[in-house]
Each structure stands twice: as structure tokens, then as C-alpha cells.
Amino acid sequence: MTINETYQEITSITQKIIENGLSIDEKWPNRSGTKISWQDQRDLSIALRNIPYSEKYNVLKNDRNFNFKMVDGALIQMMYEYNATGRNLISHRLAFFPSPTLERYDNAPEAYEEQYFGDSEFHDMIEKNVVAFPIRFDYNVDENMFTEIEHPYSHVTFGEYEYCRVPVNSPITPSIFINFILRNFYNYAFRTKGVFCEISESKFPNTITENESKVLHFNIV
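In this note's numbering, the protein residues as written are 3 to 223.
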């Protein structure tokens with residue numbers, strides 16, 4: 003998958019998320035040289051280290067440092083970097099930051115649902131037992147960062163745990179990522195609206211090692 007294909011795919015996803023009423027704020031993808039992110043993207047990674055999740059979420063939200071702000075307040079980020087030719091992926095960061103204040107929907111769920119999405123479109127997001135936790139899919143080709151199993155080239159992290167790096171068999175395309183998010187966290191919309199962000203045929207080469215494939219991991223066919 004090339005940088006042009008990636009940029010076009012994120013652009014298409016943005017349009018479809020808006021058309022289906024799942025975003026209340028968004029920024030269109032921006033390509034700057036070999037990098038793809040969103041318009042006016044700022045690198046806040048250092049400033050956001052070792053602070054409470056609620057503070058990190060609020061900084062990202064208030065700074066509008068995201069591709070989408072979903073109807074339930076969740077923030078979605080998609081960042082890719084390629085080599086000079088635009089044909090080889092160097093890194094990606096795909097993140098899902100749910101709102102840390104889901105409990106406010108418990109106070110008036112009917113009003114919330116009616117305001118944003120009708121009868122019960124996001125019932126899952128207002129259950130009292132739901133716990134908000136971030137998910138991040140990372141990839142980096144840098145061999146200096148790689149440690150087999152402990153720090154795979156491609157991996158997924160749950161809840162910002164420092165040593166939670168579940169191997170993924172390859173880098174993740176934008177359409178695979180957004181389908182994962184929609185299917186698992188916006189399932190009512192996914193079922194009722196249909197698969198409006200289809201997974202493209204373009205994929206990235208496998209990067210998982212033989213030893214990593216022997217432990218529990220994510221596999222994209």
C-alpha cells in the first residue's frame with residue numbers, strides 16, 4: 003500500500019464517517035512530504051506522558067488533535083509515515099481514545115440518544131459497566147526499537163499499559179482499523195447502516211516473526 007493509496011483511503015473514510023452521522027467534529031487528512039496525519043496536527047506525545055488519562059483526553063480534544071470526534075466523544079487518530087519513494091511504510095500510529103466521562107450519559111440516556119442518533123444506536127456506550135480505555139495500533143520498521151515478542155514491529159496496546167504490546171501480523175491499513183473500531187464499539191451503527199467503510203484489497207506485508215506467531219496475536223488475512 004503506497005502513500006497515495008493510504009491518503010485516498012483516509013479521505014474516503016472521512017467522507018463516509020461524516021455522511022453516516024458518526025462524527026460531530028473532524029479534520030480532513032493532510033499529507034506533508036512523507037507523512038499523513040490531519041490538518042494542523044501537533045506532536046504532543048512528550049507533553050502527554052505520565053499524566054492521567056482524563057487529562058490526556060481533554061488536551062487532545064481541546065486542541066482538536068484528531069481525525070474524528072465521534073458522537074459519543076471518542077477521538078480517533080490515524081498517522082502514517084513512508085520512505086522517500088512513498089512505497090515503503092516506515093511507521094503508523096492508529097489510536098482510539100474513548101471519552102473518560104461516559105457516566106454523564108447515564109444521567110439522561112434518552113435525551114442523549116435522541117439528540118445524536120435516534121432510538122438506541124449507541125446503547126453499548128451508556129451501559130453502567132462500560133469502562134473507557136484507549137487502544138493503539140503501532141508499527142515501526144526501526145530495528146533498534148524491535149525486540150521479538152516484547153516489542154514487535156507491529157503491535158496493539160490496550161489501556162496505555164507500557165508493556166502491553168500484543169503482536170499483530172502486519173501493519174494495519176486505515177480501512178482495517180476503522181472497521182475494527184466500528185464493528186466493536188459502534189456495533190449498532192455497523193449492523194444497521196451496513197459496511198459503509200469497506201476493507202480495501204491493499205494490504206501491508208507481514209512483519210510478524212515465527213516466535214511471535216506462537217503467542218496470542220492479531221492476524222489480518
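We put the CB at the ideal spot given by N, CA and C, even for glycine.
What does a CB cutoff of less than 7 Å around residue i pick up in its chain, not counting 5 residues either side in sequence?
i      : result
GLY75  : SER101
LEU62  : PHE68, LEU77 and PHE99
TYR9   : PRO31, ARG33 and ILE38
GLN41  : LYS29, TRP30 and ASN32
ASN224 : The chain is shown only over 3 to 223; residue 224 falls outside these bounds and no answer can be derived.
THR211 : GLU150
Who does residue i pair with in a DSSP beta bridge?
i      : result
THR159 : ARG138
PRO31  : TRP40
THR103 : Answer is none; THR103 lacks a bridge partner.
Span of the beta strand (DSSP E) holding residue i?
i     : result
ARG95 : 91-99
Grab me the residues of residue i's own chain with a C-beta within less than 6 Å of its C-beta, minus the 5 sequence neighbours each way, in chain order.
i      : result
GLU7   : SER204
PHE198 : LYS18 and ASN22
GLY88  : THR4 and ILE5
ARG106 : The predicted position of ARG106 is uncertain, since its pLDDT is 44 and thus under 50; a value taken from the coordinates is nonetheless stated next. So no residue of the chain qualifies.
Assuming residue i contacts residue j (C-beta within less than 8 Å), just tell me the rounded distance between them.
i      : j      : result
PRO176 : GLU11  : 5 Å
ILE180 : ILE5   : Actually they are not in contact, since the Cβ atoms of ILE180 and ILE5 sit about 18 Å apart, beyond 8 Å.
VAL263 : ILE178 : Limits of the chain in this structure are 3 at one end and 223 at the other, which puts residue 263 out of reach.
TYR155 : TYR141 : 6 Å
LEU24  : MET72  : 6 Å
GLU150 : ARG167 : No, GLU150 and ARG167 are not in contact; Cβ-Cβ is about 11 Å, not under 8 Å.
PHE139 : VAL170 : 7 Å
Going by beta carbon distance, what residues of the same chain come within less than 8 Å of residue i, once the five residues before and after it are set aside?
i      : result
THR13  : TRP30 and PRO31
LYS216 : none
ARG185 : PHE192
GLU83  : THR36, LYS37, ILE38, LEU91, ILE92, SER93 and HIS94
Tell me the residue span of the alpha helix (DSSP H) that contains residue i.
i      : result
ILE222 : Here ILE222 belongs to no alpha helix (DSSP H), and DSSP marks it neither H nor E.
ILE5   : 5-21
- Message: In chain order, what are the residue ranges of uninterrupted alpha helix (DSSP H) at least 4 long that sit wholly in the segment 34-87?
- Response: Runs of the alpha helix (DSSP H) lying entirely within the segment 34-87, each at least 4 residues long, are 55-64 in chain order.
- Query: Could you give the uninterrupted runs of the alpha helix (DSSP H) lying entirely in the segment 165-220, keeping only those of 4 residues or more?
  - Reply: Correct list: 176-187 and 189-195.
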